[in-house]
Amino acid sequence: MSSNNESIGKTLGVVVGLCLVCAIVVSIASVQLRPMQQASKAKDIQSNILTVAGFKDVKDVFATFEANVESKVINLETGEFVDIDANSFDFEKTKFDQKRSVKLAKAEDKAGVQRMTNNSPVYFTRDAQGQLETIILPIQGYGLWGIMYGFLALEADGETIKSINFYKHNETPGLGGEIQNPRWNALWNGKSLPIDVVKGGANGEHKVDGLSGATLTSNGVDNTVDFWTSDKAFGPFLAKVRKGALN
Ligand SMILES: Cc1cc2nc3c(=O)[nH]c(=O)nc-3n(C[C@H](O)[C@H](O)[C@H](O)COP(=O)(O)O)c2cc1C
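For reference, each letter of the sequence shown is one residue, going 9 to 255 in this note's numbering.
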């Protein structure tokens, strides 16, 4: 004979009660941890910007970023600065906001981003004399398995490449994942826009070797850089930089 404690009502009561308690604990933890998650995401982005700009062995990411990197938001169509805080600019949210982005036609969507924001953050570093040193552009585009997120750093001439760095992607480790390998990233140093990622034997300032065994990812990087340096993205801004507008 079952005791009263084993009745269906009591068992269900305990299950529902436990679920409620767990749901409350998880919700509170999620809300409480959100600022920490956001801070850690911001630190990660800052750390990647510092890396692509050439800072090495950074101990205090936040302080180094604050002291050395200027963050601005530009209107991509005009290339002009707009009065928006770059640190709170969320590209992904903006991308899906119909008022602040446009849908790209397939033929013009070389990087596979689908939608394009009207504005974008850009970052700069200056030398001790205040002269423009590095321009850092956030870029993103489809590789083999998904969107690859990265930064392209250019010299003050707006043409010479300093470095490229991908910090988030779904490419296969050891194959496409080598887009994160500092040795491959270093091949970009001193090359010049426009650039082609080619399969082996790249020579000349406008060509860089693709990753062996990862031609599809390499093609994705090629398309991504082409797209973001084109008139659909940072082209108008880079035209201003090349005329010395930021010096
Ligand atoms: C499990 C698996 C994962 C792969 N991951 C990638 C990848 O991340 N990027 C890529 O370009 N190719 C990847 N490939 C290889 C592609 O299918 C293709 O063979 C390759 O891009 C061709 O490059 P290659 O011409 O340099 O050999 C993968 C293949 C397999 C079987």
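Every residue gets a Cβ at the ideal spot worked out from N, C-alpha and C, and that includes glycine.
Where residue i sits in the DSSP three-state scheme
{"i": "GLY209", "result": "coil"}
{"i": "THR125", "result": "strand"}
{"i": "GLN148", "result": "strand"}
{"i": "SER220", "result": "coil"}
{"i": "ASP135", "result": "coil"}
{"i": "ASN83", "result": "strand"}
{"i": "SER55", "result": "helix"}
{"i": "ALA161", "result": "strand"}
{"i": "SER109", "result": "strand"}
{"i": "VAL66", "result": "coil"}
C-beta contact flag for residue i and residue j at 8 Å
{"i": "ILE5", "j": "ASN127", "result": "The shown model of the chain, from 9 to 255, leaves out residue 5, and the question about it has no answer."}
{"i": "SER171", "j": "TRP192", "result": "no"}
{"i": "LYS80", "j": "ALA71", "result": "no"}
{"i": "LYS49", "j": "PHE235", "result": "no"}
{"i": "ARG250", "j": "GLY198", "result": "no"}
{"i": "LEU84", "j": "PHE242", "result": "yes"}
Supposed close pair residue i, residue j - CB separation, criterion 8 Å
{"i": "TYR157", "j": "LYS176", "result": "4 Å"}
{"i": "ILE143", "j": "LEU162", "result": "5 Å"}
{"i": "LYS51", "j": "VAL66", "result": "Contact flag wrong, Cβ pair sits at about 11 Å."}
{"i": "THR232", "j": "ILE169", "result": "The Cβ separation is near 13 Å, so there is no contact."}
{"i": "TYR247", "j": "GLY87", "result": "The displayed chain sequence assigns Ala, not Tyr, to residue 247. Yes, they are in contact, since the Cβ atoms of ALA247 and GLY87 sit about 7 Å apart, within 8 Å."}
{"i": "GLU78", "j": "PHE159", "result": "Contact flag wrong, Cβ pair sits at about 15 Å."}
{"i": "ASP8", "j": "ASP204", "result": "Only positions 9 to 255 of the chain appear in this structure, which leaves residue 8 out of reach."}
{"i": "ASN173", "j": "GLY154", "result": "ASN173 to GLY154, Cβ: 17 Å. No contact."}
DSSP bridge partner residues for residue i (one or two, in chain order)
{"i": "GLU78", "result": "PHE132"}
{"i": "THR142", "result": "THR133, GLU163"}
{"i": "THR168", "result": "SER200"}
{"i": "VAL90", "result": "VAL81"}
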